[in-house]
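Below is one structure; the comments refer to it alone.
2 protein chains.
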Amino acid sequence: MVRMASTGAREGVSFPPMTQVAAPKSPRRTPADKHDERRKALAESALRTLGELGYARASLREIANNSEFSHGVVHYYFNDKLELIVFCVRYYKETCVHRYDGVVAEATSPDDLVARFGDKLVETIVEEAPMHRLWYDLRSQSMFEESLREAVTQIDQSLEDMIARVVNRYAALAGTEPAIAAPVVYGMFDGVFQQALLGYLNGRDGALEDLRNQVAGLMPMLLAQPAETTISHEQGELA
Amino acid sequence: MVRMASTGAREGVSFPPMTQVAAPKSPRRTPADKHDERRKALAESALRTLGELGYARASLREIANNSEFSHGVVHYYFNDKLELIVFCVRYYKETCVHRYDGVVAEATSPDDLVARFGDKLVETIVEEAPMHRLWYDLRSQSMFEESLREAVTQIDQSLEDMIARVVNRYAALAGTEPAIAAPVVYGMFDGVFQQALLGYLNGRDGALEDLRNQVAGLMPMLLAQPAETTISHEQGELA
DNA sequence: CGCGTATCTTGACGAGTGTCAAGATTTCTC
DNA sequence: GAGAAATCTTGACACTCGTCAAGATACGCG
Chain A
30 MVRMASTGAR EGVSFPPMTQ VAAPKSPRRT PADKHDERRK ALAESALRTL
80 GELGYARASL REIANNSEFS HGVVHYYFND KLELIVFCVR YYKETCVHRY
130 DGVVAEATSP DDLVARFGDK LVETIVEEAP MHRLWYDLRS QSMFEESLRE
180 AVTQIDQSLE DMIARVVNRY AALAGTEPAI AAPVVYGMFD GVFQQALLGY
230 LNGRDGALED LRNQVAGLMP MLLAQPAETT ISHEQGELA
Chain B
30 MVRMASTGAR EGVSFPPMTQ VAAPKSPRRT PADKHDERRK ALAESALRTL
80 GELGYARASL REIANNSEFS HGVVHYYFND KLELIVFCVR YYKETCVHRY
130 DGVVAEATSP DDLVARFGDK LVETIVEEAP MHRLWYDLRS QSMFEESLRE
180 AVTQIDQSLE DMIARVVNRY AALAGTEPAI AAPVVYGMFD GVFQQALLGY
230 LNGRDGALED LRNQVAGLMP MLLAQPAETT ISHEQGELA
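Chains as they are written, first to last, in the working numbering: chain A, 30 to 268; chain B, 30 to 268.
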């Protein structure tokens with residue numbers, strides 16, 4: 030009956046007498062945040078359905094059907110459908126905002142970074158198209174639904190930072206600095222990425238190859254000092 | 030009862046014996062395409078509601094309530110809710126795809142074109158934000174709903190062409206040619222425009238000014254021959 | 001074991017949806 | 001002006017939705 034419904038305010042009852050809380054023996058078992066594990070499991074399940082049907086058509090019953098739970102359990106872990114959705118997309122963002130960290134860390138030259146970046150962009154469209162279209166769906170919905178805007182704004186900022194890290198590293202490798210502000214760069218890439226996603230979902234041949242080439246053509250323009258940026262570099266090394 | 034429901038196949042009964050069809054006397058009254066006028070009036074009404082609520086939340090009853098018709102009349106002019114929506118957005122596109130024709134026609138110099146273009150972009154966000162968010166909503170929905178894709182693809186192409194006309198004129202005024210392919214340019218501008226729209230709807234101060242500046246900064250990069258593109262030009266003449 | 005709590009299932013309620021058919025109303029034609 | 005066709009209104013249908021409450025089940029601690 031209690032209906033706590035997990036409003037952030039962690040009720041202090043859940044913990045043992047506050048001793049052993051960071052104890053050495055069992056770092057895995059936490060009695061109270063099993064809640065959080067369940068929430069995440071439910072979110073993971075919900076994300077599949079959301080990516081398949083979109084925000085509007087994905088009912089709580091359908092979400093529950095594609096999971097191991099029944100449709101009523103949602104209201105045990107979330108107050109609201111909207112709270113579930115926001116939790117889902119926040120959860121997804123956490124895992125994906127570092128997608129290009131490897132690119133940044135491992136790139137050895139400007140051209141190498143461009144190649145790795147393009148590959149990763151194409152890869153994420155192929156492997157996670159449903160998640161990306163869900164994100165665009167939610168961002169569009171936030172233009173109508175006030176209560177989505179805070180989460181969407183935060184995620185957009187995270188993505189902008191993610192792109193900025195790539196471009197900054199690219200500029201550093203080229204021995205110069207970015208010539209365009211981060212918000213603009215993010216907007217540009219987001220736009221061409223969205224077009225590529227649309228083309229891919231439409232089954233347009235070459236949509237992915239186009240994206241790779243477009244990014245490769247765009248990156249050099251983002252740098253200050255158009256000093257013949259490493260043309261005639263050995264640009265193989267990555268298929 | 031007949032339930033024609035306006036599937037393009039214009040049933041030949043509606044016309045008089047095919048005489049006088051292009052008659053001189055009454056060029057205004059066309060007996061059969063009053064249908065089309067009604068459809069357009071209904072669409073115009075529906076667009077208001079759709080821009081306010083979005084695709085998913087705008088019910089046919091709500092659409093009809095905000096119009097002079099009753100909710101049943103929709104099925105007299107359209108087979109389907111989806112057919113209405115597609116008709117609406119196609120109708121809207123027709124009127125808006127030439128928004129920048131004036132800019133193209135009247136610009137007297139590269140910088141003048143950039144200024145006019147930026148002003149027009151800002152203006153359309155202020156005056157037609159609901160229509161733009163509706164468009165982004167529909168494009169996102171098309172990633173889930175197969176039956177929307179054809180219309181969305183066509184409209185996207187029209188918008189790409191529209192942007193291409195602006196950039197081509199800009200390059201011509203600068204005495205050079207575009208250095209970036211039209212799809213990429215469209216993707217870029219669409220991305221930064223979408224970000225500006227989001228910022229504007231979020232009430233972020235400076236979102237519109239940022240857009241103007243971003244576009245002004247981006248345009249010169251689209252040209253081949255970075256030959257100091259008309260710097261120190263008299264760039265007044267437009268506030 | 002047995003009780004109390006946490007977790008989950010089931011079934012229902014009311015509101016809202018797209019769709020459609022039957023009838024009222026307007027409009028046009030002879 | 002009468003009759004027919006086009007146009008519009010009304011009311012209902014089958015269905016889905018989010019929400020919630022009451023009861024079933026699992027679990028942990030004494």
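We put the CB at the ideal spot given by N, CA and C, even for glycine.
None of these values were measured; they are calculated from a predicted model.
Counting pairs of beta carbons, one from the region 103-118 of chain A and one from the region 197-208 of chain A, are three or more of them closer than 8 Å? no
Anyone know if the C-beta pair for B:Gly80 and B:Met160 falls short of 8 Å? yes
In whole angstroms, what separates the C-alpha of A:Ile184 from that of A:Tyr121? 10 Å
By a C-beta neighbour count over all protein chains shown, 10 Å radius and 16 as the cutoff for buried, is B:Gly131 buried or exposed? exposed
Below 8 Å, can you find three or more Cβ-Cβ pairs linking the region 221-241 of chain B to the region 212-228 of chain A? yes
Exposure label - A:Val151; buried when at least 16 CB within 10 Å: buried
Proximity of A:Arg233 and B:Phe173 at Cβ, strictly below 8 Å: no
Closest by CA to A:Met248, which one among A:Met217, A:Val126, A:Arg68 and A:Gly235? A:Met217
Apply the 10 Å Cβ neighbour rule to A:Gln170 and answer buried if 16 or more other Cβ atoms are within range, or exposed otherwise. buried
Quick one: complete alpha helix (DSSP H) runs, 4+ long, within the region 121-173 of chain A? 130-135 and 139-170
Would you mind giving the Cβ-Cβ distance between B:Pro139 and B:Tyr199, rounded to the nearest angstrom? I have them listed as a contact below 8 Å. 6 Å
Starting from the beta carbon of B:Asn10, find every residue of chain A whose beta carbon is closer than 8 Å, and list them in chain order. Lying before the first or after the last residue shown, residue 10 of chain B is absent from chain B, which here runs from 30 to 268.
Does the beta carbon of B:Gln224 sit closer than 8 Å to a beta carbon anywhere in chain A? yes
Residues in the region 84-97 of chain B with C-beta within 8 Å of chain A's C-beta atoms, listed in sequence order? Tyr84, Ala85 and Arg86
Could you check if B:Glu135 is buried or exposed, using at least 16 other CB atoms within 10 Å of its CB as the buried criterion? exposed
So which residues of chain A does B:Pro139 contact, with C-beta pairs closer than 8 Å? What B:Pro139 touches in chain A: nothing, since even the nearest Cβ is about 18 Å away.
B:Ala72 - containing alpha helix (DSSP H), residue span: Lys63 to Arg86
When we look at the beta-carbon of A:Val143 and count the other beta-carbons within 10 Å, is it buried (16 or more) or exposed? buried
For B:Met217, go through chain A and note every residue whose CB falls closer than 7 Å to its CB, in chain order. Met217, Gly220 and Val221
Can you name, in chain order, every residue of its own chain whose Cβ lies under 7 Å from the Cβ of A:Leu111, other than the five neighbours on each side? Ser176
Check each residue of the region 236-255 of chain A: if its Cβ is closer than 8 Å to any Cβ of chain B, include it; give the result in chain order. Asp239, Gln243, Gly246, Leu247, Met250 and Pro255
Can you pull the chain B residues whose beta carbon is under 9 Å from the beta carbon of A:Tyr165, in chain order? Tyr165, Arg168, Ser169 and Met172
Any chain B beta carbon closer than 8 Å to A:Arg162: yes
Looking at chain A, is there any beta carbon in it that lies within less than 8 Å of the beta carbon of B:Leu150? no
CB contact below 8 Å: A:Leu76 versus chain B: no
Kindly indicate which residue of B:Ala93, B:Asp190, B:Arg128 and B:His64 has the alpha-carbon position closest to the one of B:Glu156. B:Arg128
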